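Report on one structure; see the data block that follows.
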Amino acid sequence: MKALRSCPLFAGMSEIEIDLTLGNISYQLVSLPSHEVYALAGMPCKYVDIVVSGKLICRMAALSGKQVEVSRLHSGNMVAPAFIFSKDRSLPVSVETDGKVQLFRMRPEELKRLIDLDETLRMNYIRILSNIDVFLTQKMKVLSLFTVREKVAYLLMERAGEQGSNEVHLERSRQEIADSFGIQKFSLLRVLSDFEKEGAIEIHGRTIKILDRRKMLK
1 MKALRSCPLF AGMSEIEIDL TLGNISYQLV SLPSHEVYAL AGMPCKYVDI VVSGKLICRM
61 AALSGKQVEV SRLHSGNMVA PAFIFSKDRS LPVSVETDGK VQLFRMRPEE LKRLIDLDET
121 LRMNYIRILS NIDVFLTQKM KVLSLFTVRE KVAYLLMERA GEQGSNEVHL ERSRQEIADS
181 FGIQKFSLLR VLSDFEKEGA IEIHGRTIKI LDRRKMLK
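With the UniProt record's numbering, the residue at position 212 of the sequence shown is 212, and numbering never jumps.
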């Protein structure tokens, strides 16, 4: 269960500590095939699931009815942690596997036992919920207050930070990125073209090299 060490719920715990902790609860490993529907929007969050391997894609229906990708869950990510104990457990997004996925699964009452008994796990869970609030606040700011140019610059610099390099690989297509920002694909392409002309970036398909961050922010 090495993948669990990358899960924020078990942050600060060694593999031995995690194994000892899990020895006190019931859990199972669940395997899902590629392109399997994990959940549809409106379905209740029934389990505490952590991605062990593979990738889950979360999509939300736009006003037009089009499905827009809002996030991707990788190894170590919890699925909808804010809905596990909420009064309304209805998921706001539809979730589908992108390739084969393996999940670590336990019931909510097992997680409650863990956070009741272990202070580290309790604080880790509180921190996860707090970080979700920060993420949503930032997301709302980007979508509602940023110009198209600022949105694209934010995306590139955020991905550069995540990947630890000025050479950024974009997993999503141009259309998917535009949809996630609520802008037209043409507007996205125009900004990327402007950045390249100004010497801020170099574009090679889905790989974009950041040359000068200041030029993107002017």
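Using N, Cα and C, we set each Cβ at its ideal position, and we do this for glycine too. Keep in mind that this is a model prediction, so the values were computed, not measured.
Considering Cα atoms alone, identify which of the options is closest to residue i.
i           : options           : result
residue 147 : 184, 123, 45, 75  : 184
residue 91  : 60, 121, 77       : 60
residue 21  : 167, 113, 52, 37  : 113
residue 80  : 17, 105, 118, 159 : 105
residue 126 : 9, 3, 75          : 9
residue 26  : 86, 107, 19       : 107
residue 24  : 118, 187, 86, 51  : 118
residue 48  : 89, 70, 14, 15    : 89
residue 189 : 35, 216, 152      : 152
residue 67  : 74, 93, 132, 53   : 93
residue 102 : 33, 111, 157      : 33
Leaving out five residues on either side along the sequence, give the residues of the same chain with a beta carbon under 7 Å from the beta carbon of residue i.
i           : result
residue 182 : 143
Which same chain residues, not among the five before or five after residue i, have their C-beta less than 6 Å away from its C-beta?
i          : result
residue 95 : 38, 39, 56, 58
For residue i, which residues does DSSP report across the bridge?
i          : result
residue 7  : DSSP output for residue 7 lists no bridge partner at all.
residue 59 : 69, 94
With a threshold of 8 Å between beta-carbons, can residue i be considered close to chain B, or not?
i          : result
residue 84 : Protein chains in the displayed structure number just one, and chain B is not present.
Enumerated in chain order, which unbroken segments of the beta strand (DSSP E) with a length of 3 residues or greater are wholly contained in the stretch 118 to 193?
167 to 169
Kindly confirm or deny that the stretch 165 to 178 and the stretch 198 to 211 touch, where touching means at least three C-beta pairs closer than 8 Å.
The stretch 165 to 178, when compared against the stretch 198 to 211, does touch it at the 8 Å Cβ threshold.
Please give me, in chain order, every unbroken run of the beta strand (DSSP E) with length at least 3 that falls completely inside the stretch 25 to 54.
28 to 32, 37 to 39, 48 to 53
Would you be able to state if there are at least three C-beta pairs under 8 Å between the stretch 70 to 88 and the stretch 31 to 50?
The stretch 31 to 50 vs the stretch 70 to 88: in contact.
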